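For reference, the structure discussed in these notes is given below.
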Amino acid sequence: MRYAVLSDVHANLEALTAVLEDIEGRSVRKVFFLGDAVGYGADPVDALRLIEEISDEVVAGNHDHIIGTLTDMEDTSIGVVSSIRWTKGMLSNQEIEKLANLPLEYSGDGIHCVHGSPHNPRQWHYMMAADDAKKGFAASNEKIIFVGHSHIPVVFAEIEHRKFFAGEMRRVKTIKAETMPISDKYRYIINVGSVGQPRDGDPRAAYGVYDSDAQTYTLHRISYDVEKASDRIIKAGLPKELGERLKVGR
Numbered sequence: 667m668r669y670a671v672l673s674d675v676h677a678n679l680e681a682l683t684a685v686l687e688d689i690e691g692r693s694v695r696k697v698f699f700l701g702d703a704v705g706y707g708a709d710p711v712d713a714l715r716l717i718e719e720i721s722d723e724v725v726a727g728n729h730d731h732i733i734g735t736l737t738d739m740e741d742t743s744i745g746v747v748s749s750i751r752w753t754k755g756m757l758s759n760q761e762i763e764k765l766a767n768l769p770l771e772y773s774g775d776g777i778h779c780v781h782g783s784p785h786n787p788r789q790w791h792y793m794m795a796a797d798d799a800k801k802g803f804a805a806s807n808e809k810i811i812f813v814g815h816s817h818i819p820v821v822f823a824e825i826e827h828r829k830f831f832a833g834e835m836r837r838v839k840t841i842k843a844e845t846m847p848i849s850d851k852y853r854y855i856i857n858v859g860s861v862g863q864p865r866d867g868d869p870r871a872a873y874g875v876y877d878s879d880a881q882t883y884t885l886h887r888i889s890y891d892v893e894k895a896s897d898r899i900i901k902a903g904l905p906k907e908l909g910e911r912l913k914v915g916r
């Protein structure tokens with residue numbers, strides 16, 4: 667079975683639409699969304715609607731949680747706070763309630779989906795280094811843990827379950843696509859990158875496809891109308907830097 671795994675759309679409708687068009691031709695059976703449907707971008711209503719329509723499982727991201735519950739805003743930057751307030755004003759009470767009620771995790775089919783880390787998921791930890799991955803592996807029994815949050819595609823591998831951590835980290839940057847085998851000997855933490863606001867220096871949208879039959883994982887990078895998405899953010903009255911950063915993938 668093929669699973670498409672998406673994360674961090676951040677209300678970027680142009681990027682999301684391009685990714686969904688790409689998914690249509692890949693014989694995908696299930697779609698998992700790892701959180702942060704909204705925040706930063708200019709289309710929270712349409713992005714949230716599309717994600718609900720196409721996803722088999724959706725978990726909460728920190729932006730979804732903040733907008734849904736109005737908590738933790740004191741720990742965010744001025745740009746983030748302004749986009750959160752703007753986004754809340756665009757959403758209906760029903761949509762805000764949906765965000766508030768999203769689960770933090772999903773487990774099934776040998777897969778664990780979470781926005782930040784299985785280790786204290788409500789703390790929204792970034793999975794960036796070997797120590798972060800060790801805690802994540804220890805908090806899950808599944809073979810593959812899919813995460814987002816950092817907006818940077820990374821793969822960690824654990825050899826011989828709970829006995830030795832490989833410490834191998836691969837950052838996939840300005841490549842069109844890369845396929846890696848999934849070994850029976852390893853467990854994996856896979857960051858699928860960001861659909862709507864990549865931060866690895868590649869402005870193209872990122873998402874992953876896991877093929878459980880072929881035992882492969884492929885990172886896909888999809889071009890979209892970045893200029894249009896950027897302009898719409900600025901025209902909406904959101905901070906200019908939120909639009910400009912899309913052009914450089916940072």
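For the record, in the sequence shown the residue sitting at position 151 is 817 according to the working numbering, with numbers rising by one throughout. Virtual Cβ for every residue (Gly too), placed ideally from N, Cα, C. Just so you know, these numbers come straight off a predicted model, no measurement behind them.
Three-state secondary structure (DSSP) at Gly774? For the purposes of this step, residue 774 is identified with residue 108 of the sequence shown, where counting begins at 1. Reduced to three states, the DSSP call for Gly774 is strand.
Kindly provide the ranges of any beta strand (DSSP E) runs that are 3 or more residues long and lie completely inside the segment 841-903, ordered along the chain. 843-847, 852-857, 871-877, 882-888
Should Pro784 go down as buried or exposed, given a rule of 16 or more other Cβ atoms within 10 Å for buried? By one-based count along the sequence shown, residue 784 stands at place 118. Buried.
Given this structure, state the Cα-to-Cα distance separating Pro819 from Ile888, to the nearest angstrom. For the purposes of this step, residue 819 is identified with residue 153 of the sequence shown, where counting begins at 1. For the purposes of this step, residue 888 is identified with residue 222 of the sequence shown, where counting begins at 1. When only Cα atoms are considered, Pro819 and Ile888 end up about 14 Å apart.
Excluding the 5 residues flanking Val685 on each side, which residues of the same chain have their C-beta closer than 7 Å to its C-beta? As a first step, residue 685 must be located in the sequence shown, where it is residue number 19. Answer for Val685: Leu672, Val861, Ala871, Tyr873, Ile888, listed in chain order.
Report the option in Val746, Lys800, His817 whose CA atom is closest to the CA atom of Gly701. Walking along the sequence shown from the start, residue 701 turns up at place 35. Checking every option, the nearest Cα to that of Gly701 belongs to His817.
Nonlocal neighbours in the same chain, by C-beta distance under 7 Å from Leu615, ignoring five residues either side: A query on residue 615 cannot be resolved here, the shown segment of the chain reaching from 667 to 916 and no further.
Same chain, Cβ closer than 6 Å to Tyr890, five either side skipped, listed in chain order: For the purposes of this step, residue 890 is taken as the residue at position 224 of the sequence shown. Hits under 6 Å: Glu680, Ala681, Ala684, Ala871.
DSSP three-state call for Phe831: helix, strand or coil? Along the sequence shown, one-based indexing puts residue 831 at 165. For Phe831, the pLDDT reaches just 44, beneath the cut-off of 50, and the residue's location in the model is therefore unreliable, leaving the point undetermined.
Put Leu690 into one of helix, strand or coil per three-state DSSP. Start at 1 with the first residue of the sequence shown, and residue 690 comes out as number 24. One point to set straight first is that residue 690 is Glu, not Leu, in the sequence displayed. In this structure, Glu690 counts as coil in the three-state DSSP scheme.
May I ask which residues mark the beginning and end of the beta strand (DSSP E) holding Ile810? Translated into positions along the sequence shown, residue 810 becomes position 144. 810-813 is the extent of the beta strand (DSSP E) around Ile810.
Which one or two residues does DSSP pair with Tyr669 in a beta bridge? One-based indexing of the sequence shown puts residue 669 at position 3. Note: Tyr669 sits in a beta bridge opposite Lys696, Tyr876.
Distance, Glu910 Cα to Lys894 Cα: Taking the sequence shown and counting its residues from 1, one reaches residue 894 at position 228. Taking the sequence shown and counting its residues from 1, one reaches residue 910 at position 244. Cα-Cα distance, rounded: 11 Å.
Express the C-alpha separation of Tyr876 and Ala708 in angstroms, rounding to a whole number. On the sequence shown, residue 708 is found 42 positions in, with the first residue counted as 1. On the sequence shown, residue 876 is found 210 positions in, with the first residue counted as 1. Distance between the alpha carbons of Ala708 and Tyr876: 30 Å.
From the DSSP secondary-structure annotation, give me the bridge partner or partners of Val685. Translated into positions along the sequence shown, residue 685 becomes position 19. DSSP output for Val685 lists no bridge partner at all.
Note down, in chain order, each residue of its chain lying with its Cβ closer than 7 Å to the Cβ of Ile899, except the 5 sequence neighbours on either side. Here residue 899 refers to the residue found at position 233 when the sequence shown is read from its first residue. Excluding sequence neighbours, Ile899 sits near Gly707, Ala708, Leu908, Gly909.
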